[in-house]
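One line per chain: the protein sequences are A and B, in this order. Each residue of the first sequence is one higher than the one before, starting from 216 at the first, in the working numbering. Each residue of the second sequence is one higher than the one before, starting from 216 at the first, in the working numbering. First up is the structure itself, then whatever we jot down about it.
There are 2 protein chains.
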Amino acid sequence: MPSPHTLAETEQQVAQKLGGLPIDFEAMAVVSNLFRAANATRNYLERTVLAPHGLSWTAFVVLWVTWIWEPIETRQIAEEGGFSKATLTGVLTTLEAKGLLARERSATDGRLVVVSMTDAGRELMQTLFPEFNGYEQTIAGAAGDRRVALAELLRAVTLVVEKER
Amino acid sequence: MPSPHTLAETEQQVAQKLGGLPIDFEAMAVVSNLFRAANATRNYLERTVLAPHGLSWTAFVVLWVTWIWEPIETRQIAEEGGFSKATLTGVLTTLEAKGLLARERSATDGRLVVVSMTDAGRELMQTLFPEFNGYEQTIAGAAGDRRVALAELLRAVTLVVEKER
DNA sequence: GGCTGATTATTCGGATGCTAACAATCTTTC
DNA sequence: GAAAGATTGTTAGCATCCGAATAATCAGCC
């Protein structure tokens, strides 16, 4: 079974399809590779280290952000994690059902919900995160000595698209 | 409302939580920024250019791959697009219902399904893709003159995690 | 203190996204 | 040519993921 087409093959085919219209292939490569890398990485981390603990990628992110900053308001978790509050509500429901964290209404502002870890949640993160970080090293190792530069470039991309809101 | 915590704040808090355990913060930064950038970019592209045409990110990718390589087998679309065949089946159902592409069983191998664009689908891509590429330029512009390097680093990450299968 | 506007979290509906199981088909081996 | 193994696409079940709508709460203004 052939592997996906090469960049050169794809560029040639796209040029043929669009018949001379100017296409920025470098921009195309940045965006398509961003998604391939993120998707492949998420699947890899879920399969190797998160699924054995019954966690999805986003569940882990929520757990991690809560563990680091607890007690924390839900709107802050959503902001740190980069997903919507609607998504967060669903994931919190899942994690609360697993007994890893707990929600309660703020005593001072009835609109807000505050989240804290349970003892079980803290214990899980104490062992899971160092293991997880080991896999992160495998992934970041792909960038060799340009890891810091890669992280900075990715941060710049996020800033540009979040500024366009 | 405070913006997300800085990298320095996060590192300090993580170090405090883990009490001296060695954590590779650079690796952490690469992986977390990869997801922030991919998620933010997907939301931005869906909101600005895809949703007005009734398309999700993955629906667009499937349409694009099919447009470039048609007629194409479903297993090849899944491979090029980097998602599972189960996901592809659902997205193809959506796109076929919108009249943008068509599926048919292979005449030579009953296991295979071949996908082609409809005239409506080709017309949509003729106008949509150049517009989409314009937004891609905005995004890739975040990397300045390191766009090619960024795409290569991302490709390296994908290769590393897909090799770990 | 009552009204208006803003903010928050949740719910709803619809779409993605995966793994595992399944049915149908093809390939290989004997 | 029959059986076993492999491959394909679909289905089922479960989890995410979003925007819009909703209900509850708070802030500001008069």
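Glycine residues also receive a C-beta, built at the ideal position from the N, C-alpha and C atoms.
Just how far apart, CA to CA, sit L310 of chain B and T333 of chain A?
Here residue 310 of chain B refers to the residue found at position 95 of the second sequence. Here residue 333 of chain A refers to the residue found at position 118 of the first sequence. Those two C-alpha atoms are separated by around 44 Å.
Tell me which residues share the same chain as M216 of chain A and place their Cβ nearer than 6 Å to its Cβ, disregarding the 5 neighbours each side in the sequence.
Within the first sequence, residue 216 of chain A is the residue found at index 1, counting from 1. Because M216 of chain A carries a pLDDT of 26, less than 50, the predicted location of this residue cannot be relied on, and the following value inherits that uncertainty. There are no such residues.
Could you say if the region 342 to 362 of chain A and the region 233 to 253 of chain B meet the contact criterion of at least three C-beta pairs nearer than 8 Å?
Because the criterion of three Cβ pairs below 8 Å is met, the region 342 to 362 of chain A and the region 233 to 253 of chain B touch.
Please confirm whether E379 of chain A has its beta-carbon closer than 9 Å to some beta-carbon of chain B.
For this step, residue 379 of chain A is matched to residue 164 along the first sequence. Chain B, which has a Cβ nearer than 9 Å to the Cβ of E379 of chain A, makes this yes.
Check each candidate in B:A223, B:Q227, B:P237 and B:E224 and name the one with the smallest Cα separation from T342 of chain A.
Position 127 of the first sequence, counted from the start, is the residue given in the question as residue 342 of chain A. Checking every option, the nearest Cα to that of T342 of chain A belongs to B:P237.
Of all Cβ atoms in chain A, is any one closer than 9 Å to the Cβ of V264 of chain B?
Residue mapping note: residue 264 of chain B aligns to position 49 of the second sequence, counting from 1. No, because no Cβ of chain A sits closer than 9 Å to the Cβ of V264 of chain B.
Write down the C-beta distance between T373 of chain A and A358 of chain B rounded to the nearest angstrom, noting that I regard them as a contact closer than 8 Å.
Translated into the one-based positions of the first sequence, residue 373 of chain A becomes position 158. Translated into the one-based positions of the second sequence, residue 358 of chain B becomes position 143. Actually they do not touch by this definition, with Cβ atoms about 12 Å apart.
Closer than 9 Å between beta carbons: that is the criterion. Which residues of the region 353 to 369 of chain A meet it against chain B?
Against chain B - using a Cβ distance shorter than 9 Å - the residues of the region 353 to 369 of chain A are T353, I354, A355, G356, A357, A358, G359, R361, R362, V363, A364, L365, A366, E367, L368 and L369.
Got a sec: is the Cβ-Cβ distance from T333 of chain A to anything in chain B below 9 Å?
Mapped onto the first sequence, residue 333 of chain A falls at position 118. For T333 of chain A, the answer is no, since every Cβ of chain B falls outside 9 Å of its Cβ.
What does DSSP give as the partner residues of R318 of chain A in its beta bridges?
Start at 1 with the first residue of the first sequence, and residue 318 of chain A comes out as number 103. Partner(s): A:V330.
Quick one, are the C-beta atoms of F382 of chain B and R257 of chain A less than 9 Å apart?
There is no way to answer for residue 382 of chain B, as the model of chain B reaches only from 216 to 380.
Output, in chain order, the set of chain B residues within a Cβ distance shorter than 8 Å of V246 of chain A.
Indexing the first sequence from 1 puts residue 246 of chain A at position 31. Within chain B, the residues near V246 of chain A are T256, L260, E351, I354 and A355.
If you run the structure through DSSP and keep just helix, strand and coil, what is I287 of chain A?
To locate residue 287 of chain A, count along the first sequence from 1; it is residue 72. I287 of chain A: strand per DSSP, three-state reduction.
Can you look up E294 of chain A in the DSSP assignment and give me helix, strand or coil?
Here residue 294 of chain A is taken as the residue at index 79 of the first sequence, counted from 1. Of the three classes helix, strand and coil, the one that applies to E294 of chain A here is helix, per DSSP.
Taking R362 of chain A as part of the alpha helix (DSSP H), name the residues at either end of that continuous run.
Taking the first residue of the first sequence as position 1, residue 362 of chain A is located at position 147. Where R362 of chain A is concerned, the enclosing alpha helix (DSSP H) stretches over R362 to K378.
Just checking my contact of R318 of chain B with V330 of chain B at CB under 8 Å: how many whole Å lie between their CB atoms?
Looking up residue 318 of chain B in the second sequence gives position 103. Looking up residue 330 of chain B in the second sequence gives position 115. Going by Cβ atoms, the distance from R318 of chain B to V330 of chain B rounds to 5 Å, so yes, they are a contact pair.
Can you check which of these residues, A:L369, A:V375 and A:E379, is closest to E241 of chain B by C-alpha distance?
Residue 241 of chain B sits at position 26 when you count from the first residue of the second sequence. Comparing Cα positions, the closest option is A:L369.
Determine the DSSP secondary structure at H192 of chain A, reduced to helix, strand or coil.
Residue 192 of chain A is absent from the model: chain A starts at 216 and stops at 380.
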